[in-house]
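The listed protein sequences correspond, in order, to chains A and B. Heads up: the first sequence at position 37 corresponds to 37 in UniProt numbering, and the numbers run straight through without jumps. Heads up: the second sequence at position 42 corresponds to 42 in UniProt numbering, and the numbers run straight through without jumps. What follows is a short report on a single structure.
Protein chains: 2
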Amino acid sequence: MCSRTRSRTRTGRPRSAEAGTAILEATRAVLVELGWSKLTMGDVATRAGVAKTTLYRRWANKNELVVDAVAVLFDELELPDLGSLQADIENVVLQFGALLERPETKTALMAVVAESTRDEPLRERIRASIVDRQKRLVLEGRQRAQDRGELPQKRDPETVAAIDDLIFDVVAGAVVHRALVSAEPVDEAWVRRLTALLLGGLTAAAEQ
Amino acid sequence: MCSRTRSRTRTGRPRSAEAGTAILEATRAVLVELGWSKLTMGDVATRAGVAKTTLYRRWANKNELVVDAVAVLFDELELPDLGSLQADIENVVLQFGALLERPETKTALMAVVAESTRDEPLRERIRASIVDRQKRLVLEGRQRAQDRGELPQKRDPETVAAIDDLIFDVVAGAVVHRALVSAEPVDEAWVRRLTALLLGGLTAAAEQ
DNA sequence: GCCATTACGCTACGACCCGTAGCGAAAGGC
DNA sequence: GCCTTTCGCTACGGGTCGTAGCGTAATGGC
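Below, the structure written as structure tokens:
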């Protein structure tokens, strides 16, 4: 229980920040070169210029290391206000598609999600460092659209949350499925169709 | 090139069909008990009551074995004509959700898809034995709805194909994302919302 | 019935990776 | 200067992989 949850007892030699970034960078490099299944801890350590034991002092296993290595890439996702819900959606979906077409995310994301079905701490780590960041974009985009008057002001907070959940699963799921299962490009033509479908469904549901 | 593509030269001792089914059954059992990452070829062989070498005579690696073991579960998916597009969609999505909530598919499906990003033969195997069967349901459902007059008869075959692709990615992706990433149940309430969104989007796009 | 052919079970093996232990040295706080 | 923690390094037992080699079993062709 001597955890560093609150930066307890900062005594002793501090961890090298350079080593940490070098490890994460090396992890992404190995993911690109060898993919998820052939990535080994020893290989990452060698490329990062650190000892293998250093990896195990910071990450319990390969899964958590890879989650952290990939998570920072999701910080790139932004949601600039482009003036309309349609433009906002198309923009962020294109970003997400480009992210998923990078080899390191392509090979790693599904693998760690698959592992997380039998590893609750890993699921929580993924949720906190990847999923929630994406979901926040959905909430922001919906709020903006409501403020613009593009979407009706729903009263029932439960319904609003359920719709937010649905939109998130539909958008993120569709992009992931397109990129990884169908293995087709997430290009402008496809994004436009997806957005049209989504907007049509949202406005139709609103009139109902 | 002495392949068995066309049941060439049927000489020698034939492969035991019982062994094949026992292996696939044992594979699913191990998936349920231990999950994807802890599944080992030796373990599967022991539980199937066959020698490990027999596994390697039939499957090149763990990935292809697991794909075949899980693929048969997708044969259960059916698309009975329930009279309306809405009912058809809700029914098949519920089936798909139930399938994805089974522990063997939950832990295996994403894992093999992740592997397939760096293994073209594996991707082809997944496409042929899993993805195409799902996609056929989309095509059938859309055709039925057109015949009923619920959807307009589009002229442009390219547009039709593009919409079919989109629907497939949206539906399958949303369900997978809901079940595996969000880790929330694919229950009737959620399915109804998804279907409403989809139908709204399709009809709105048709009027446009 | 005999032979060629193929699949089977079994054992053994080298190669690889995992995750940990133990060491002396280095780098901070007090 | 002492204490604490991290560092790099080496070594190790345990496990899995995928293959080779063997003798045996089961089928079709003749």
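Glycine included, C-beta positions come from ideal geometry on N, C-alpha and C.
(1) What is the C-beta distance between B/L137 and B/V92, in whole angstroms, given that I count them as a contact (C-beta under 8 Å)?
(2) So what's B/E115 in DSSP terms, helix, strand or just coil?
(3) Am I right that A/L198 and A/V170 are in contact with their C-beta atoms under 8 Å? What's the rounded C-beta distance?
(4) So which of B/T195, B/I163 and B/A114 has the shortest CA-CA distance to B/W36?
(5) Do A/E104 and A/V44 have their CB atoms nearer than 8 Å?
(6) What's the C-alpha gap between A/E78 and A/V191?
(7) Mind checking A/G141: buried by the 16 CB within 10 Å criterion, or exposed?
(8) Taking only the alpha-carbon atoms, compute the straight-line gap between B/A183 and A/L166 and give it to the nearest angstrom.
(9) What is the DSSP secondary structure of B/V175, counted as helix, strand or coil?
(10) Taking the straight line between their C-alpha atoms, what separation do you get for B/E64 and B/H177?
(11) The UniProt domain "HTH tetR-type" (17-77) of chain A: which residues have C-beta closer than 9 Å to a C-beta of chain B, in chain order?
(12) Going by DSSP in three states, B/W190 sits in which element: helix, strand or coil?
(13) Would B/A183 pass as an interface residue toward chain A - the criterion being a Cβ-Cβ separation below 8 Å?
(14) For a contact meaning CB atoms closer than 7 Å, what does B/R123 contact in chain A?
(15) Since I believe B/V181 is in contact with A/V131 (beta carbons under 8 Å), could you give me their beta-carbon distance rounded to a whole number of angstroms?
(16) Where does the unbroken alpha helix (DSSP H) through A/E101 begin, and where does it stop?
(17) Let me check understanding here. Comparing Cα to Cα, which of B/P80, B/Q143 and B/L100 lies closest to B/A71?
(18) Going by the CB atoms, is the gap between B/A145 and B/L139 shorter than 8 Å?
(19) For A/R6, collect the residues of the same chain with a Cβ closer than 6 Å to its Cβ; drop the 5 residues on either side in sequence, then sort them by chain order.
(20) At the level of alpha carbons, what is the spacing between B/F74 and A/G97?
(21) Taking B/V44 as part of the alpha helix (DSSP H), name the residues at either end of that continuous run.
(22) Report yes or no: is there a C-beta of chain B within less than 8 Å of the C-beta of residue 271 of chain A?
(23) In the DSSP assignment, find the alpha helix (DSSP H) that holds B/Q153 and state where it starts and stops.
(24) Could you check where the alpha helix (DSSP H) with A/A22 kicks off and where it finishes?
(25) What are the start and end residues of the alpha helix (DSSP H) that includes B/V70?
(26) Check whether the Cβ atoms of A/A60 and A/L24 sit closer than 8 Å, and answer yes or no.
(27) Chain A beta carbons: is any one of them nearer than 8 Å to that of B/E150?
(28) Please report the Cβ distance between B/T203 and A/A204, rounded to the nearest whole angstrom; I am assuming they are in contact, meaning their Cβ atoms lie under 8 Å.
(29) Based on Cα-Cα distance, which residue from A/S129, A/I163 and A/R125 lies nearest to A/Q143?
(30) Check B/G201 in the structure and name its three-state DSSP category.
(31) Please work out which residues of its chain come closer than 8 Å, Cβ to Cβ, to B/T117, disregarding the five sequence neighbours upstream and downstream, and give them in chain order.
(32) When the distance is taken between beta carbons, is B/A17 closer than 8 Å to B/R47?
(33) Rounding to the nearest angstrom, what Cα-Cα distance links B/L39 and B/V30 in this structure?
(34) Just the Cα atoms here: how many angstroms apart are A/D147 and A/G83?
(35) What do you get for A/S3, buried or exposed, if any count of 16 or more other CB atoms within 10 angstroms of its CB means buried?
The relevant details are as follows:
(1) Start at 1 with the first residue of the second sequence, and residue 137 of chain B comes out as number 137. Start at 1 with the first residue of the second sequence, and residue 92 of chain B comes out as number 92. That pair is a contact at about 6 Å.
(2) Sequence index remark: in the second sequence, residue 115 of chain B carries index 115 (1-based). Helix at B/E115.
(3) The residue you call residue 198 of chain A lines up with position 198 of the first sequence. The residue you call residue 170 of chain A lines up with position 170 of the first sequence. Indeed, because the Cβ distance is near 7 Å, the residues count as touching under 8 Å.
(4) Along the second sequence, read from residue 1 onward, the residue named residue 36 of chain B stands at position 36. For the residues B/T195, B/I163 and B/A114, the minimum Cα distance to B/W36 belongs to B/A114.
(5) Position 104 of the first sequence, counted from the start, is the residue given in the question as residue 104 of chain A. Position 44 of the first sequence, counted from the start, is the residue given in the question as residue 44 of chain A. Going by C-beta atoms, A/E104 is not nearer than 8 Å to A/V44.
(6) On the first sequence, residue 78 of chain A is found 78 positions in, with the first residue counted as 1. On the first sequence, residue 191 of chain A is found 191 positions in, with the first residue counted as 1. Going by the C-alpha atoms only, they are around 17 Å apart.
(7) Along the first sequence, read from residue 1 onward, the residue named residue 141 of chain A stands at position 141. Flag for A/G141 reads buried.
(8) Indexing the second sequence from 1 puts residue 183 of chain B at position 183. Indexing the first sequence from 1 puts residue 166 of chain A at position 166. Each residue's alpha carbon lies about 13 Å from the other.
(9) On the second sequence, position 175 is the one that residue 175 of chain B refers to. Residue state, collapsed to three classes: helix.
(10) Here the question's residue 64 of chain B lines up with position 64 in the second sequence. Here the question's residue 177 of chain B lines up with position 177 in the second sequence. In a straight line, the C-alpha of B/E64 is about 23 Å away from that of B/H177.
(11) L34, G35, W36, S37, K38 and N63
(12) In the second sequence, residue 190 of chain B corresponds to position 190, counting from 1. B/W190: helix per DSSP, three-state reduction.
(13) Here residue 183 of chain B is taken as the residue at index 183 of the second sequence, counted from 1. True, the Cβ-Cβ gap to chain A drops below 8 Å.
(14) Locating residue 123 of chain B in the second sequence gives position 123, where the first residue counts as 1. Within chain A, the residues near B/R123 are A183.
(15) As a first step, residue 131 of chain A is located in the first sequence; it is residue number 131 there, counting from the start. As a first step, residue 181 of chain B is located in the second sequence; it is residue number 181 there, counting from the start. Right, their Cβ atoms sit about 6 Å apart.
(16) In the first sequence, the residue the question calls residue 101 of chain A occupies position 101. From DSSP, A/E101 is part of no alpha helix (DSSP H); its letter is neither H nor E.
(17) Position 71 of the second sequence, counted from the start, is the residue given in the question as residue 71 of chain B. Checking every option, the nearest Cα to that of B/A71 belongs to B/L100.
(18) Against the second sequence, residue 139 of chain B aligns to sequence position 139. Against the second sequence, residue 145 of chain B aligns to sequence position 145. Going by C-beta atoms, B/L139 is not nearer than 8 Å to B/A145.
(19) Stepping through the first sequence from its first residue, residue 6 of chain A is reached at position 6. Only weak support exists for where A/R6 lies, its pLDDT of 41 falling under 50; the value from the coordinates is given anyway. So no residue of the chain qualifies.
(20) Translated into positions along the second sequence, residue 74 of chain B becomes position 74. Translated into positions along the first sequence, residue 97 of chain A becomes position 97. Between B/F74 and A/G97, the C-alpha separation is close to 27 Å.
(21) The residue labelled residue 44 of chain B in the question sits at position 44 within the second sequence. Its alpha helix (DSSP H) spans residues M41 to A48.
(22) Residue coverage of chain A in this structure runs from 1 to 208, which leaves residue 271 of chain A outside it and unanswerable.
(23) Against the second sequence, residue 153 of chain B aligns to sequence position 153. Segment: none, B/Q153 is in no alpha helix (DSSP H) and carries neither H nor E.
(24) For the purposes of this step, residue 22 of chain A is identified with residue 22 of the first sequence, where counting begins at 1. From DSSP, the alpha helix (DSSP H) with A/A22 extends over A17 to L34.
(25) In the second sequence, residue 70 of chain B corresponds to position 70, counting from 1. Looking at the DSSP string, the run of the alpha helix (DSSP H) that includes B/V70 is K62 to A71.
(26) Your numbering for residue 60 of chain A matches position 60 in the first sequence. Your numbering for residue 24 of chain A matches position 24 in the first sequence. Going by C-beta atoms, A/A60 is not nearer than 8 Å to A/L24.
(27) Residue numbering aside, residue 150 of chain B sits at position 150 when the second sequence is read from its first letter. False, the Cβ-Cβ gap to chain A never drops below 8 Å.
(28) One-based indexing of the second sequence puts residue 203 of chain B at position 203. One-based indexing of the first sequence puts residue 204 of chain A at position 204. Their Cβ separation, rounded to whole angstroms, is 7 Å, which keeps B/T203 and A/A204 in contact under 8 Å.
(29) Translated into the one-based positions of the first sequence, residue 143 of chain A becomes position 143. For the residues A/S129, A/I163 and A/R125, the minimum Cα distance to A/Q143 belongs to A/I163.
(30) Locating residue 201 of chain B in the second sequence gives position 201, where the first residue counts as 1. Here B/G201 sits in helix by DSSP.
(31) For the purposes of this step, residue 117 of chain B is identified with residue 117 of the second sequence, where counting begins at 1. Counting only Cβ-Cβ distances below 8 Å, and skipping sequence neighbours, we find R123.
(32) As a position in the second sequence, residue 47 of chain B is number 47, starting the count at 1. As a position in the second sequence, residue 17 of chain B is number 17, starting the count at 1. No, the Cβ-Cβ distance between B/R47 and B/A17 is not below 8 Å.
(33) In the second sequence, residue 39 of chain B corresponds to position 39, counting from 1. In the second sequence, residue 30 of chain B corresponds to position 30, counting from 1. B/L39 and B/V30: Cα-Cα distance of roughly 6 Å.
(34) In the first sequence, counting from the first residue as 1, residue 147 of chain A sits at position 147. In the first sequence, counting from the first residue as 1, residue 83 of chain A sits at position 83. Each residue's Cα considered, the two are about 11 Å apart.
(35) As a working mapping, residue 3 of chain A is identified with position 3 in the first sequence. Residue confidence is low: A/S3 scores 40 on pLDDT, short of 50, so the model does not pin down where it sits. No coordinate-derived value is stated.
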